[in-house]
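Position in the sequence shown counted from 1, then plus 1, gives you our numbering.
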Amino acid sequence: MEISSKENTHFFSNNTILPVDRSSFKSESSASKEKQSCCGGIKIFLGALSFVYFAKALSGSYLKSTITQIERRFDIPSSLVGVIDGSFEIGNLLIIILVSYFGAKLHRPRIIGAGCLIMSVGTFLIAMPHFFMGRYRYEKFPSTINSTVSISPCLQDKSQTPLSALEKSQAKINTGCEKEPGSSMWIYVLLGNLLRGIGETPIQPLGITYIDDYAIEENAALYIGCVQTVAIIGPIFGFLLGSLCAKLYVDIGFVDLDSITITHKDVQWVGAWWLGYLIAGVISVLAGIPFWFLPRHLPKPESRKDSSTSSEQSKFITEDNKDQPKSYQHQVKIAEMAKFLPSLKNLFGNPVYILYLCASIVQFNSLIGMVTYKPKYIEQQYGQTSSKTNFVIGLINIPAVAFGIFSGGLIMKKFRINVSGAAKLSLGSSFFGYLLLFSLFAMGCENSDVAGLTVSYHGTKSTTDYEQALFSECNSGCTCSKNDWDPICGENGVTYISACLAGCQASNGTGKNTVFFNCSCVGTLESPSQSSSAVVGPCQKGNECPKMFLYFLVISVITSYTLSVGGTPGYILLLRCIKPHLKSFALGIYTLAIRVLAGIPAPVYFGAAIDTTCLKWGSKRCGGRGACRLYDSSALRYVYLGLTLVLGMVSIFFSVAVLWVLWKRSSPQDETLSANWERGTCGTESRKDNFVNSDHLIQTTYWPEKETRL
2 MEISSKENTH FFSNNTILPV DRSSFKSESS ASKEKQSCCG GIKIFLGALS
52 FVYFAKALSG SYLKSTITQI ERRFDIPSSL VGVIDGSFEI GNLLIIILVS
102 YFGAKLHRPR IIGAGCLIMS VGTFLIAMPH FFMGRYRYEK FPSTINSTVS
152 ISPCLQDKSQ TPLSALEKSQ AKINTGCEKE PGSSMWIYVL LGNLLRGIGE
202 TPIQPLGITY IDDYAIEENA ALYIGCVQTV AIIGPIFGFL LGSLCAKLYV
252 DIGFVDLDSI TITHKDVQWV GAWWLGYLIA GVISVLAGIP FWFLPRHLPK
302 PESRKDSSTS SEQSKFITED NKDQPKSYQH QVKIAEMAKF LPSLKNLFGN
352 PVYILYLCAS IVQFNSLIGM VTYKPKYIEQ QYGQTSSKTN FVIGLINIPA
402 VAFGIFSGGL IMKKFRINVS GAAKLSLGSS FFGYLLLFSL FAMGCENSDV
452 AGLTVSYHGT KSTTDYEQAL FSECNSGCTC SKNDWDPICG ENGVTYISAC
502 LAGCQASNGT GKNTVFFNCS CVGTLESPSQ SSSAVVGPCQ KGNECPKMFL
552 YFLVISVITS YTLSVGGTPG YILLLRCIKP HLKSFALGIY TLAIRVLAGI
602 PAPVYFGAAI DTTCLKWGSK RCGGRGACRL YDSSALRYVY LGLTLVLGMV
652 SIFFSVAVLW VLWKRSSPQD ETLSANWERG TCGTESRKDN FVNSDHLIQT
702 TYWPEKETRL
């Protein structure tokens, strides 16, 4: 209590503090106790930083939840969505070196506040295209617009309608509609996410070091742990917000919802994706406000003044150096720069570090790609809506990851596990996690029966080119376009790409209640001589699919937990197997490598691989290929899970190599070398009692940002 009083008294006193006796000091601190409780200090900074961590985690996870919405709204392939997702890491890398070097020399709280402002601007910029690109237009049958006009879907008589779908499409191309507003608005989403990455950069390095510099040493780990706990809560709210917005129509408030002919279960449905970004942007602005009023420096605790430990800044800028001539300081800087290459050589000459770095890069490629497209996989494989998918991920998967990270640290502390034990725990976690993931191959759904794509019009499996198989004798008399996607469900349980391709001759009703009659192709499967009816929208997946989805959820939660258990032991292995004076440098190289070699490329090539499984591409209003409307369920399952597992197995190979190197160094014939190595680069035995410290918690910040997206 006395230390807290001293901290706040110094904070509110003038720059020049006159010497006073101890009794008067205590009297003054007692008189200002009420003022201290509501102003200034490390705890207010801790609360503000926790809110910022919550804000950035919420906006990042919300972006993941809107991947499929953005893809449909802008009519872009998954590979391009991967580029948009990776732009956050690019923005982060652009200024991370500048922020890390110059940030500690400047006003750290205000730099964090400026970062929050930039982050909010980027978040608002992502939502801006919605207000400039016009209303969302999906493919629909003309008769659903006006019930007073009866139009035959089959269009056997071209005089029934003034302009066919093909003619309208060609007319738009001829009039140069490629220049229509909105055709390239996805660029603003990419730039907005890039700004988000730039704004997020100073939060972690400057915020954590500020706490480490001015908090009481024994409280620093607790404070940083609180920040990380709040950071894990952020993605939960992000995905729940994504679930809520996905239920709302994209143009809610601007159009009559009764005129919308699709539901949130349709693959053309786009939710109010922009609304969540506006909410996240406001939260980012609010989170940055307190930092503009916090001081550049706080009084150091008495325990740190009297001890040999000092703040991060004072380790590099000592009082002795300040008193030295400029020429001497210049010589010191040259000497420090000369140590860079030897330090780099020393670091990459450490086999444990380089092998663990390779294992982490490959594993994060696996995890980031899997997490980015997990919502899409659930939607396409199990026929779930975007709203339900985000709800499940936010409420089930992320808490499992948080509990796994906590369990890993608890196991390390309770059983006092050393470096070799940490390597074994990390390896075991990865092995059993990917083994569970392998079982998901058996928990997929079969392709929906779509006439001309997955089945022929006669009920057999389609093996020919789908563009040719879309046309059959039953719809040969109709004037249909193969590019349309306005699915209907026949009473025989088969989905048809459009009412025209189903050979429907008449329709009744409007909007979602439209019913098509005399559909010649619908009656082909069971009773060719009898025509049948169909309703708007695709047919549901098979009866076994809901059960498979339940099994998938159970295995997915267990897998997320199992993989997360190895996160903390992995970082302990990284921290303990490098020389102490190279720790910061090694962690910087590690973070840089993960971002450049995993965070940026993984979403891109995962998206490109998923694009190869598309059976039916949508067409843009101005011509050209749009977003995918239908995926081959089996191919999607093999590509998505297969790519994840292959990368996981490679990472396990590197982890085994790490364990082998550790075992070799601890072998009897190398006992002397092992002892020296344990003391110099992997010294854990002497630090078991002080296992959980601020260094450990600082470096585990990367796992909540990446793994909580599972």
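For every residue, glycine included, the Cβ atom is placed at its ideal position computed from N, Cα and C.
If you're wondering where the values come from, they're calculated on a predicted model, not measured in any experiment.
Name the residue from Leu642, Tyr63, Phe75 whose alpha carbon lies nearest to the alpha carbon of Asn366. Here the closest residue by C-alpha is Leu642.
Using only the alpha-carbon positions, how far apart do Met371 and Gly198 sit? So the alpha carbons of these two residues sit roughly 21 Å apart.
To which residues does DSSP link Ser508 through a beta bridge? Beta-bridge pairing links Ser508 to Phe517.
What is the C-beta distance between Val84 and Leu191, in whole angstroms, given that I count them as a contact (C-beta under 8 Å)? Taking a contact as a CB-CB distance under 8 Å, the pair Val84 and Leu191 counts as one, their CB atoms being some 7 Å apart.
Put Lys617 into one of helix, strand or coil per three-state DSSP. For Lys617, the three-state secondary structure derived from DSSP is strand.
Provide the residue(s) that pair with Thr569 in DSSP beta bridges, ordered along the chain. Bridge partners of Thr569: none, in fact.
Are the CB atoms of Met186 and Pro110 within a distance shorter than 7 Å? Contact: no.
Taking Cβ positions, are Tyr215 and Leu299 nearer each other than 7 Å? Less than 7 Å divides the Cβ of Tyr215 from the Cβ of Leu299.
Pick out whichever of Leu223, Gly568, Arg666 has its Cα sitting closest to the Cα of Leu47. Nearest C-alpha to Leu47: Leu223.
Which complete alpha helix (DSSP H) runs does the stretch 225–258 hold, if anything under 4 residues is left out? Taken in chain order, the stretch 225–258 contains no complete alpha helix (DSSP H) segment of 4 residues or longer.
Contact check, Ala281 vs Ser60 under 8 Å by CB: the rounded distance? With a Cβ gap of about 4 Å, Ala281 and Ser60 count as contacting.
Decide if the stretch 434–448 is in contact with the stretch 579–596; the criterion is three or more beta carbon pairs, one per stretch, under 8 Å apart. Here the stretch 434–448 makes no contact with the stretch 579–596; the two share fewer than three CB pairs at distances below 8 Å.
Pairs of beta-carbons, one from the stretch 55–70 and one from the stretch 239–250, closer than 8 Å: are there three or more? Contact holds: three or more Cβ-Cβ distances are below 8 Å.
Check whether Val87 and Ile489 have beta carbons under 7 Å apart: It should be pointed out that residue 87 corresponds to Gly in this sequence rather than to Val. No, the Cβ-Cβ distance between Gly87 and Ile489 is not below 7 Å.
Suppose you measure from the CA of His11 to the CA of Phe553; what does that come to, to the nearest Å? With a pLDDT of 43 at His11, under the threshold of 50, the modelled position of that residue is not reliable, and no figure is offered here.
I need the straight-line Cα distance from Arg596 to Met650, nearest angstrom please. Distance between the alpha carbons of Arg596 and Met650: 21 Å.
Are Gln70 and Val256 touching if we call contact CB-CB under 7 Å? Against a cut-off of 7 Å, the Cβ pair of Val256 and Gln70 comes out as no contact.
Under the rule that 16 or more other beta-carbon atoms within 10 Å means buried, what is Thr210, buried or exposed? Residue environment: Thr210 is assigned as buried (16 or more neighbouring CB atoms within 10 Å of its CB, all protein chains considered).
Beta-carbon within less than 7 Å of Ile97's beta-carbon, same chain only, minus the 5 sequence neighbours each way: which residues are those? Non-local beta-carbon contacts of Ile97 in its own chain, meaning distances under 7 Å to residues more than five positions away in sequence, involve Thr202 in chain order.
Measuring only the C-alpha atoms, how far is Leu94 from Leu593? Rounded to whole angstroms, the separation of the alpha carbons of Leu593 and Leu94 is 8 Å.
Indicate the three-state DSSP secondary structure (helix, strand or coil) for Lys271 in the structure shown. What sits at residue 271 in the sequence shown is Val, not Lys. The answer is coil: DSSP assigns Val271 none of H, G, I, E or B.
Under 7 Å between the Cβ atoms of Thr563 and Gly410? Between Thr563 and Gly410, the C-beta spacing is not below 7 Å.
Distance check for Gly512 and Ile263, CA to CA, integer angstroms please. Approximately 8 Å, taken between the alpha carbons.
Other residues of its chain near Cys629: CB distance less than 6 Å, five sequence neighbours each side excluded: Excluding residues within five positions, the ones whose Cβ falls inside 6 Å are Cys615, Trp618.
Can you say whether Ala360 is buried or exposed, counting buried as having 16 or more other CB atoms within 10 angstroms of its CB? Looking at its Cβ environment, which holds 16 or more other Cβ atoms inside 10 Å, Ala360 is buried.
What are the boundary residues of the beta strand (DSSP E) that includes Ser440? From DSSP, Ser440 is part of no beta strand (DSSP E); its letter is neither H nor E.
Any chance the stretch 474–483 sits against the stretch 507–522, with 3 or more Cβ pairs inside 8 Å? Segments in contact, yes.
Among residues of its own chain, excluding the 5 on either side of Ile369, which ones have a beta-carbon nearer than 7 Å to its beta-carbon? Around Ile369: Ala599, Gly600, Ala603, Pro604, Lys707.
Near Gly235, what residues of its chain come up, given a Cβ to Cβ distance below 6 Å and the 5 sequence neighbours on each side ignored? Residues Phe55, Ala58, Leu59 of the same chain have their beta carbon placed closer than 6 Å to that of Gly235, with the five preceding and five following residues left out of the count.
State the beta-bridge partners of Cys490 as determined by DSSP. The bridge partners DSSP lists for Cys490 are Thr496, Val536.
Tell me the DSSP secondary structure of Arg111 in three-state form. Reduced to three states, the DSSP call for Arg111 is helix.
Quick check on Cys117: does DSSP put it in helix, strand or coil? Cys117 falls in the helix class under three-state DSSP.
Just list the residues that DSSP pairs Leu631 with in beta bridges. Per DSSP, the beta-bridge partners of Leu631 are Lys617.
Have a look at Leu207 and Ile412 and give me their C-alpha separation to the nearest angstrom. Distance between the alpha carbons of Leu207 and Ile412 is about 30 Å.
Evaluate Asn509 with the Cβ neighbour count: other Cβ atoms within 10 Å of its Cβ, from every protein chain shown; 16 or more gives buried, anything less gives exposed. Around the beta carbon of Asn509, fewer than 16 other beta carbons sit within 10 angstroms, so the residue counts as exposed.
Outcome for Val82 when other beta-carbon atoms lying within 10 angstroms are tallied against a minimum of 16: By the Cβ neighbour-count rule, Val82 is buried, with 16 or more other Cβ atoms within 10 Å of its own.
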